[in-house]
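Everything in the sequence shown is counted per my numbering, starting at 9 for the first residue and increasing by one.
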Amino acid sequence: MLLYLPMSERLQLSIPNGWFQVAYRDELDAEGVLPLRYFSEDLVLFRTRGGDVALLDAFCPHLGAHLGHGGVVEDDHLRCPFHAWEFDRTGVCRNVPYAKRIPAKAKVRPWHCVERNQMIWAWHHGSGEAPTWEVPEVPELSDDSWTSLERRRWTVRSHPQEMGENGVDRAHFQHVHGTKNVPESELHLDGHIRRAIQHVKMRTPRGDVEGEISIEAHGMGCTITRFTGICETVLLLSHAPIDDETVDTRFAFSQNRADAHTGVAAAVVKEVVRQMNQDIPIWEHKRYLPRPMLCDGDGPIPEYRKWASQFYG
Ligand code: FES
Ligand SMILES: [Fe+2]
Numbered sequence: 009m010l011l012y013l014p015m016s017e018r019l020q021l022s023i024p025n026g027w028f029q030v031a032y033r034d035e036l037d038a039e040g041v042l043p044l045r046y047f048s049e050d051l052v053l054f055r056t057r058g059g060d061v062a063l064l065d066a067f068c069p070h071l072g073a074h075l076g077h078g079g080v081v082e083d084d085h086l087r088c089p090f091h092a093w094e095f096d097r098t099g100v101c102r103n104v105p106y107a108k109r110i111p112a113k114a115k116v117r118p119w120h121c122v123e124r125n126q127m128i129w130a131w132h133h134g135s136g137e138a139p140t141w142e143v144p145e146v147p148e149l150s151d152d153s154w155t156s157l158e159r160r161r162w163t164v165r166s167h168p169q170e171m172g173e174n175g176v177d178r179a180h181f182q183h184v185h186g187t188k189n190v191p192e193s194e195l196h197l198d199g200h201i202r203r204a205i206q207h208v209k210m211r212t213p214r215g216d217v218e219g220e221i222s223i224e225a226h227g228m229g230c231t232i233t234r235f236t237g238i239c240e241t242v243l244l245l246s247h248a249p250i251d252d253e254t255v256d257t258r259f260a261f262s263q264n265r266a267d268a269h270t271g272v273a274a275a276v277v278k279e280v281v282r283q284m285n286q287d288i289p290i291w292e293h294k295r296y297l298p299r300p301m302l303c304d305g306d307g308p309i310p311e312y313r314k315w316a317s318q319f320y321g
């Protein structure tokens, strides 16, 4: 029985350009190697002895071994598990232990990657262009007065554009999440950055509390959400496309230690996770409508989509 419409019919969106989280920093020790799959590609992430990270296409150009399954880091190089060819961080083959000459084209494709906010990020661009912006630094995440990351993770059959639209879709808050009112929000678009401020009532053990949520999306892969007035919380939401119909979503929360021991702090995390779990079945079964039939209370969905359109091509 076919439970889902095929991708071409259901979502009709390709993988967007931008920075996407592919790992947490602590998943990759010095000389560590991780096989990954993102952007419909098989990839290998490794860290040199000196601590630098590199992301390469996974398949060795010699006879096709996956460098992430059995590959070993030796100093700055990744050694293939099959015949021990060695590749540097730029993907160039630097050593073939049994050959007199290294074939001139022995190279795997390198990906731009950067370590920031305790995470490792990769740049994806459909036409292979270099990064046009940087992953933003979130100062709270390197500040000792904020808690260590509390993490959640989901694999969702959807697309980052569809999931991001949730924030501007005003009417769903009442009907999917049962919030008492439609959050008031202001949307500001600034190149690849989208900002929104929402004034909300949050459910907490102390009853409903008035608060403010500021949302700052850098492309479709990285959204920084700050909660104030309730319990100072920063949430980094990352949506990384595994392929064009599957998203690896990570939420990383940090809270100001002054508030973090309170029941309200835990309630903020619980509420965000509750809302995410309510959205998932809608996303996993809905269809992307390029021309939706909107009405006046719907929120700035057309503006959001216009902003999103810059991340293709
Ligand atoms: S397949 Fe990688 S060295 Fe042979
Ligand atoms: Fe939602």
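The beta-carbon is built from N, C-alpha and C at its ideal position, and this holds for glycine as well.
Can you give the beta carbon distance from residue i to residue j, rounded, assuming they're within the 8 Å contact cut?
| i | j | result |
| --- | --- | --- |
| Gly-76 | Val-122 | Going by Cβ atoms, the distance from Gly-76 to Val-122 rounds to 19 Å, so no, they are not a contact pair. |
| Arg-102 | Asp-83 | 10 Å between Cβ atoms; not a contact. |
| Arg-97 | Asp-65 | Incorrect: roughly 13 Å between the Cβ atoms, too far for contact. |
| Ser-322 | Arg-265 | Given that the chain is displayed from residue 9 to residue 321, the structure contains no residue 322 and the question cannot be resolved. |
| Pro-89 | Gly-78 | 3 Å |
| His-120 | Ala-130 | 7 Å |
| Leu-51 | Leu-36 | Rounded, the Cβ-Cβ distance is 13 Å, inconsistent with contact. |
| Leu-244 | Asn-125 | 6 Å |
Enumerate in chain order the residues of its own chain whose CB-to-CB distance from residue i is below 6 Å, with the five nearest sequence positions on each side excluded.
| i | result |
| --- | --- |
| His-133 | Asn-25 |
| Gln-20 | Tyr-296 |
| Pro-105 | Ala-92 |
| Ala-225 | Arg-202, Thr-231 |
| Glu-348 | What is shown of the chain runs 9 to 321, which leaves residue 348 out entirely. |
| Val-80 | Arg-87 |
| Ser-222 | Ile-205, Arg-234 |
| Pro-144 | His-226 |
| Val-316 | With the sequence shown as reference, residue 316 is identified as Ala, and Val is not the correct amino acid for it. Cβ within range, chain order: Gln-169. |
Can you give the Cα-Cα distance for residue i and residue j, rounded to whole angstroms?
| i | j | result |
| --- | --- | --- |
| Arg-160 | Gln-286 | 15 Å |
| Asn-189 | Asp-34 | 40 Å |
| Asp-216 | Val-208 | 9 Å |
| Met-127 | Ala-179 | 33 Å |
| Thr-59 | Ala-107 | According to the sequence as given, residue 59 is Gly; it is not Thr. Cα to Cα, Gly-59 sits roughly 29 Å from Ala-107. |
| Ala-38 | Gly-186 | 46 Å |
| Glu-279 | Gln-206 | 16 Å |
| Glu-248 | Glu-158 | Here residue 248 is Ala; the residue named in the question, Glu, does not match the sequence. Distance between the alpha carbons of Ala-248 and Glu-158: 18 Å. |
| Pro-168 | Ser-156 | 26 Å |
| Pro-298 | Gly-237 | 37 Å |
| Met-228 | Val-242 | 18 Å |
| Ser-150 | Gly-199 | 26 Å |
| Arg-45 | Ala-73 | 15 Å |
| Leu-53 | Glu-17 | 33 Å |
| Ala-274 | Pro-147 | 22 Å |
| Pro-310 | His-196 | 13 Å |
| Arg-305 | Glu-94 | The residue you asked about is not Arg; residue 305 is Gly in the sequence shown. For Gly-305 and Glu-94, the distance between alpha carbons rounds to 58 Å. |
| Glu-192 | His-183 | 16 Å |
| His-85 | Val-272 | 48 Å |
Near residue i, which residues of its chain fall below 7 Å by C-beta distance, leaving aside the five closest residues on each side in sequence?
| i | result |
| --- | --- |
| Val-281 | Arg-160 |
| Tyr-312 | Glu-173, Val-176 |
| Val-277 | Glu-158, Phe-261 |
| Gly-99 | Leu-64, Lys-115, Val-116, Arg-117, Pro-118 |
| Gly-321 | Gly-134, Ser-135 |
| Pro-308 | Val-176, Leu-195 |
Is residue i near ligand 4, going by C-beta to nearest heavy atom under 7 Å?
| i | result |
| --- | --- |
| Leu-71 | No copy of ligand 4 appears in this structure; the ligands present are ligand 1 and ligand 2. |
Taking 7 Å as the line, does the beta carbon of residue i fall inside it for any heavy atom of ligand 2?
| i | result |
| --- | --- |
| Asn-174 | yes |
| Gln-182 | no |
| Gln-283 | yes |
| His-185 | yes |
| Asp-287 | yes |
Taking only heavy atoms of ligand 1 into account, decide whether any of them is closer than 7 Å to the Cβ of residue i.
| i | result |
| --- | --- |
| Phe-90 | yes |
| Cys-239 | no |
| Cys-303 | no |
| Cys-121 | no |
| Trp-93 | yes |
| Cys-68 | yes |
Suppose the cutoff is 8 Å on Cβ atoms and the five residues either side in sequence are ignored; what does the same chain contact list for residue i look like?
| i | result |
| --- | --- |
| Thr-163 | Ile-250, Thr-254, Val-255, Asp-256, Thr-257 |
| Ile-23 | Phe-47, Ser-48, His-132, Gly-134, Pro-249, Asp-251, Asp-252 |
| Glu-170 | Leu-19, Leu-21, Trp-291, Lys-294, Tyr-296 |
| Ile-110 | Cys-101, Arg-102, Asn-103, Val-104 |
| Leu-71 | Phe-90, His-91 |
| Ala-138 | His-120, Trp-131 |
Which residues share a DSSP beta bridge with residue i?
| i | result |
| --- | --- |
| Phe-95 | Leu-86, Cys-101 |
| His-167 | In the DSSP output, where bridge partners are listed per residue, His-167 has none listed. |
| His-74 | Phe-67 |
| Arg-160 | Phe-259 |
| Ser-193 | Gln-206 |
| Ala-62 | Phe-54 |
| Cys-303 | In DSSP, Cys-303 forms no bridge with anything. |
| Ser-222 | Ile-205, Arg-234 |
| Phe-28 | Ala-130 |
| Tyr-46 | Glu-49 |
| Ala-248 | Asp-256 |
| Thr-241 | Phe-235, Gln-263 |
| Val-122 | Trp-129 |
Chain C beta carbons: is any one of them nearer than 8 Å to that of residue i?
| i | result |
| --- | --- |
| Leu-243 | Here there is only one protein chain, and chain C is not present. |
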